[in-house]
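The working numbering numbers the first residue of the sequence shown as 23 and each following residue consecutively.
Just below is one structure, and these are the notes that go with it.
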Amino acid sequence: MKFKHLAVSLAVTLALAGCVSKGTNQSTNIVQTQSNSKVFSQDYVLEELENGLRVMVVKTDYPDVVSVHIPVSVGSRDEVEPGRTGFAHFFEHMMFKGSKKYPKDVYADILKNSGVDNRAYTTNDYTNYYLSFTKQHLDKVLEIQADIFQNLTYTEAQFRTEALTVKGEYLKNNANPIRQLLAAVRKEAFEKHTYKHTTMGFFEDIEAMPDQMAYGQTFFERFYNPEYVSLVIVGDVDPQETIAMVKKHWGGWERGDYVSDVPQEPKQDEPKYVHKQSEGLPGHWLLVSYKGAAWQPEAKDRAALDLISDLYFSETSELYQQLVVEKQIASQILTYNPQTKDPGLRHVFVKVDNAEDLATVRDAINQTYAKARTELVNEDKLNALKSNRKYSFINGLDSSQAIASQLAQYMHFERDPEVINQLYATADAITAQDIKAIANKYFVDSNRTTVTMSAQTSIDGFDNEVSLQALVDKANKPAERHFKVVDNSNSSPLVDVNLLFYTGAAADPDGKKGLAAMTAAMIANGGSQTKAYKEIQKALYPIAGTFNYQIDKEMLSLRGRVHKDNIHQWYALVSEQLLNPGFRAEDFSRLKKEMLDNIKAGLKSSNDEELGKEVLYHKLYQGHPYENYNLGDLSDLEAMTLDDVKAFYQQQLTQAKLNVGITGAMPEDIKARLFADLTKLPKGDEKRLNIPDAPALNGHHATIVEKSAKSTAVSFGFPIDTIRSNKDWTALWLVRSYFGEHRNSNSFLYQRIRETRGMNYGDYAYIEYFPRGMFQTVPDANLGRSEQIFQVWLRPLRSNNDAHFATRVALFELDKLIKEGMSEADFAATRNFLSNYVAQLVSSQDRQLGYALDSQFYNIEGFVDYVRKQLASLTVEDVNRVIRENLQTEHIQYVFVTGDGKDMAQRLAEETPSPMSYNSEKPEQLLQEDKRIASYKLSIPKQNIEVLEVNSVFE
Numbered sequence: 023m024k025f026k027h028l029a030v031s032l033a034v035t036l037a038l039a040g041c042v043s044k045g046t047n048q049s050t051n052i053v054q055t056q057s058n059s060k061v062f063s064q065d066y067v068l069e070e071l072e073n074g075l076r077v078m079v080v081k082t083d084y085p086d087v088v089s090v091h092i093p094v095s096v097g098s099r100d101e102v103e104p105g106r107t108g109f110a111h112f113f114e115h116m117m118f119k120g121s122k123k124y125p126k127d128v129y130a131d132i133l134k135n136s137g138v139d140n141r142a143y144t145t146n147d148y149t150n151y152y153l154s155f156t157k158q159h160l161d162k163v164l165e166i167q168a169d170i171f172q173n174l175t176y177t178e179a180q181f182r183t184e185a186l187t188v189k190g191e192y193l194k195n196n197a198n199p200i201r202q203l204l205a206a207v208r209k210e211a212f213e214k215h216t217y218k219h220t221t222m223g224f225f226e227d228i229e230a231m232p233d234q235m236a237y238g239q240t241f242f243e244r245f246y247n248p249e250y251v252s253l254v255i256v257g258d259v260d261p262q263e264t265i266a267m268v269k270k271h272w273g274g275w276e277r278g279d280y281v282s283d284v285p286q287e288p289k290q291d292e293p294k295y296v297h298k299q300s301e302g303l304p305g306h307w308l309l310v311s312y313k314g315a316a317w318q319p320e321a322k323d324r325a326a327l328d329l330i331s332d333l334y335f336s337e338t339s340e341l342y343q344q345l346v347v348e349k350q351i352a353s354q355i356l357t358y359n360p361q362t363k364d365p366g367l368r369h370v371f372v373k374v375d376n377a378e379d380l381a382t383v384r385d386a387i388n389q390t391y392a393k394a395r396t397e398l399v400n401e402d403k404l405n406a407l408k409s410n411r412k413y414s415f416i417n418g419l420d421s422s423q424a425i426a427s428q429l430a431q432y433m434h435f436e437r438d439p440e441v442i443n444q445l446y447a448t449a450d451a452i453t454a455q456d457i458k459a460i461a462n463k464y465f466v467d468s469n470r471t472t473v474t475m476s477a478q479t480s481i482d483g484f485d486n487e488v489s490l491q492a493l494v495d496k497a498n499k500p501a502e503r504h505f506k507v508v509d510n511s512n513s514s515p516l517v518d519v520n521l522l523f524y525t526g527a528a529a530d531p532d533g534k535k536g537l538a539a540m541t542a543a544m545i546a547n548g549g550s551q552t553k554a555y556k557e558i559q560k561a562l563y564p565i566a567g568t569f570n571y572q573i574d575k576e577m578l579s580l581r582g583r584v585h586k587d588n589i590h591q592w593y594a595l596v597s598e599q600l601l602n603p604g605f606r607a608e609d610f611s612r613l614k615k616e617m618l619d620n621i622k623a624g625l626k627s628s629n630d631e632e633l634g635k636e637v638l639y640h641k642l643y644q645g646h647p648y649e650n651y652n653l654g655d656l657s658d659l660e661a662m663t664l665d666d667v668k669a670f671y672q673q674q675l676t677q678a679k680l681n682v683g684i685t686g687a688m689p690e691d692i693k694a695r696l697f698a699d700l701t702k703l704p705k706g707d708e709k710r711l712n713i714p715d716a717p718a719l720n721g722h723h724a725t726i727v728e729k730s731a732k733s734t735a736v737s738f739g740f741p742i743d744t745i746r747s748n749k750d751w752t753a754l755w756l757v758r759s760y761f762g763e764h765r766n767s768n769s770f771l772y773q774r775i776r777e778t779r780g781m782n783y784g785d786y787a788y789i790e791y792f793p794r795g796m797f798q799t800v801p802d803a804n805l806g807r808s809e810q811i812f813q814v815w816l817r818p819l820r821s822n823n824d825a826h827f828a829t830r831v832a833l834f835e836l837d838k839l840i841k842e843g844m845s846e847a848d849f850a851a852t853r854n855f856l857s858n859y860v861a862q863l864v865s866s867q868d869r870q871l872g873y874a875l876d877s878q879f880y881n882i883e884g885f886v887d888y889v890r891k892q893l894a895s896l897t898v899e900d901v902n903r904v905i906r907e908n909l910q911t912e913h914i915q916y917v918f919v920t921g922d923g924k925d926m927a928q929r930l931a932e933e934t935p936s937p938m939s940y941n942s943e944k945p946e947q948l949l950q951e952d953k954r955i956a957s958y959k960l961s962i963p964k965q966n967i968e969v970l971e972v973n974s975v976f977e
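So, in structure tokens, the structure goes:
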């Protein structure tokens, strides 16, 4: 599944629609040499095979890695039969089941040994399958994928089991307030068009899915044909040799003849409103949506609507500054404008704390649209926005994977990448008069659907629709050195700077937890002494410059990116933020509110999985500098003062703790100025924080966090002594990958819990801190720690019984791993995977810089070389020794996040059996194993079990 909001460029916001190209039965080959003046300027080869398959190959200078994207022009838009929604997304799952020639276990083993990263997502209008790997595996990857696309094979049991997985995914996603709002507004806004349902489909259709196997085959035969499919291949390849490989494996695929008959949406004749009650939801949400334009890249409508969204509703807009920064009525304003084949919806989301403010922000949004319809936007501001879009798009093309990902979003439309340049050319031609005219065309009362959502049954002030036209009619009336440097300068036009301080949340004083995070936020997201934050944002906007922060226990990173053409302007702004921060009261108040909301709504209310992991760390590190959440405790944040921030800045942001990272073509004069300016920071004596050993963990303990939840999240673990600088770290990293590689379907736990039993979305293991795991597939850099834990993360389970069983499975398999070790075959396959995969962890310029800084922290050589050298020298005996020396099950802390804490506590204390049941036949061997596991003892004494109300956590 894919969701994007508040995009910074026309390319990044695209969630594009499918377009079936019928073409002629004749192979055509285009070799396109691009002009540097184009926004998409890479050279490419484009060829359509006789069967209608379109192939695009882009050769890049990024060595070794190849990225293959396979967009299929079928999405939820094509689900036209009543009662059969969600099948485009369902087949995103089923396409991983393999073929007769390459069953799942066979092809998955091949891909794992080849280090292939294999994923997919579904949108309104297309489904995209994408793989990244080293170039020597290209031919085999194309062969396997071609066979699966032409000969997909699965059993009824697999079909039914995967339907349960999809249901679990729906329930997981539905906890997100944004997704709830989108489902509500689409259902209300559309009468006939298939945009009425989301890509997941209607829940009642998902529940009926297990019995729809025959229709599933029909769906596959209709859409998985070459005229619906494009291949985008980007990387270190020879284009003509690559085309030949495609023809060899895909050329014999026969064309189909099906075209879906998508119903046309009738013209909306009046505004619509609906309120959605969401039990336990903190705060109150408003969503205002207007129907937009169809996909017409040569027409001005679509591009102008995107410009209007950025001009009037982005973080630099007057509305955002008024509601979020100045008056602080709203804690969030987001926009989401997916590019769709047919006219879709354009959204503005606002979150407020007080219900009475919903009408206020609704009226402010109406006033903003009235302004767009009645006033001409400043031409300089419009031109600055166009410049921002250009550089934002270019900034994003920083790896073969990124280039392929962008191209895949366009290929399902007209199957021609030149549409990107057409879009930008159209946008460049738009004038202030065009903006006003198109605003008057689309932003009218009869085109609007409004949704409110909160825990309340209704919202006062929304009984009657307000008139935008009345506002329009009224208006028409008349911002010596003592530090280390990692200088990775190169010829890239993108310049990345990372100012990494060896301090962080572990340095927060007692009673002031969250101070490091607040200080970082005040620097990166606050004004300087000479410019307000609003002025800094305004100045950074036209150059697409960035400056932000990341906080962890021992690292505080201030990092930014800018095109080399604009670096002088960028540096003048951010150097003042760092060296002469404004520490303004209005910034402090705003950022404190954001941080409090992040903990209350972002972590404790809306992210059970991340909450469980953070509570695990909190419990394992009682009385230790790692004890508290990185953003702090709510009470400490409430009591924090500006003087606290100023003191932390002076004491902790010193040269001694600073490590400067540079990459890209930074001009020498800016580099010299940067180094000279940084000497103005206090010298300091302490180079890094002194972190004690983790507290001793004795026995088994369980913390149960009770909150409003329809599923149960599970995390458990224990401290380990092995960190990245340790000689055994790579061996333990290999064990972790085998047992539970993050977001990887080949890992052992994933196979045992999700794939075999269909219990949840995924199951993973870690030996390093990995926050935000539900949102990303690879770990962030600059999370270096002196202490780490071994952790198992089970994605939310459907019930306490399932959570209990899955935990038992994980412990059962961990016990077995410790007792039996890894086999030679599993060891070799995992080593092959990691040797190939490790390069993808540093596949972009900023990640290379981040990992280089981390290697300096751990005093090791470059990460990829370090890992590959150690992997090459490992034996299975080494690995099994490391398992025995590092892993154990005598001392474990468990964390469960559930809607029924009393039931979970009773289950654990009484060792209640947790039997499994299935909706399809399972092998007798599995059923017998389930019986054994259902009573497998976790051995948690009753006195070691605690139940916490979520409101008491991180208070």
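Just so you know, even glycine gets a beta-carbon here, dropped at the ideal spot from N, CA and C.
When the alpha-carbon of residue 216 is set against those of 754, 565, 107, 800, the nearest one is in 107. Under the three-state reduction of DSSP output, residue 972 falls in the helix class. Apart from sequence neighbours up to five positions away, the residues of its chain that approach residue 257 with a beta-carbon distance below 7 Å are 82, 84, 87, 88, 89, 157, 422, ordered along the chain. Residue 740 is bridged by DSSP to 812. The Cβ neighbour count for residue 701, taken over all protein chains shown within 10 Å, is under 16; the residue is labelled exposed. Leaving aside the five residues that flank residue 277 on each side, the residues in its chain whose CB is nearer than 7 Å to its CB run, in chain order, 73, 74, 247, 248, 249. Per DSSP, the continuous alpha helix (DSSP H) segment holding residue 855 begins and ends at 846–859. Between residue 803 and residue 872, the CB-CB gap stays under 7 Å. In the DSSP assignment, residue 583 falls within the beta strand (DSSP E) that extends over 578–585. Contact between residue 446 and residue 585 is ruled out by a C-beta separation of about 16 Å, above the 8 Å threshold. The three-state reading of DSSP puts residue 634 in helix, counting H, G and I together. Residue environment for residue 913: exposed (fewer than 16 other C-beta atoms within 10 angstroms of its C-beta).
Within the region 886–948, the alpha helix (DSSP H) runs of at least 4 residues that lie entirely inside it are, in chain order, 898–908, 923–932. At a Cβ-Cβ threshold of 7 Å, residue 380 and residue 474 count as neighbours. In this structure, residue 573 lies away from residue 536, with their beta-carbon atoms at least 7 Å apart. Between residue 232 and residue 941 a beta carbon distance of about 6 Å is seen, short of the 8 Å cut, so the two are scored as contacting. When DSSP reads this structure, residue 873 sits in no beta bridge, so it has no partner. In summary, residue 672 is exposed, with fewer than 16 beta-carbon neighbours lying within 10 Å of its beta-carbon over all protein chains present. In the DSSP annotation of this structure, the continuous segment of the beta strand (DSSP E) that includes residue 307 starts and ends at 306–313.
Annotation note: the region 251–325 contains the following uninterrupted alpha helix (DSSP H) runs of length 4 or greater, listed N- to C-terminal: 261–272. For the pair residue 627 and residue 844, the Cα-to-Cα distance works out to about 39 Å. The three-state secondary structure of residue 81, taken from DSSP, is strand.
Bounds of the alpha helix (DSSP H) holding residue 430 are 422–433. Per DSSP, residue 733 lies in no alpha helix (DSSP H) and is assigned neither H nor E. Beyond the five residues adjoining it in sequence on each side, residue 79 comes within less than 7 Å, by CB distance, of 66, 67, 255, 259, 261, 264, 265 in the same chain, given in chain order. Sorting 99, 557, 340 by C-alpha distance to the C-alpha of residue 386 places 340 at the top. Linking residue 814 to residue 788 through their CA atoms gives a straight-line distance of about 6 Å.
A distance below 7 Å separates the beta carbons of residue 186 and residue 780. Per the C-alpha coordinates, the member of 210, 453, 346 positioned closest to residue 296 is 210.
DSSP places residue 158 within a helical segment (H, G or I) once states are collapsed to three. For the set 832, 557, 241, the Cα lying nearest the Cα of residue 595 is the one of 557.
Nearest to residue 491 by alpha-carbon distance, out of 468, 507, 509, 943, is 468.
Distance check between residue 817 and each of 153, 513, 193, 952 places 193 closest, using alpha-carbon atoms only. DSSP lists 174 as the beta-bridge partner residues of residue 121. A check of alpha carbon separations from residue 410 across 61, 799, 874 identifies 61 as the nearest. A distance of 7 Å or more separates the beta carbons of residue 464 and residue 710.
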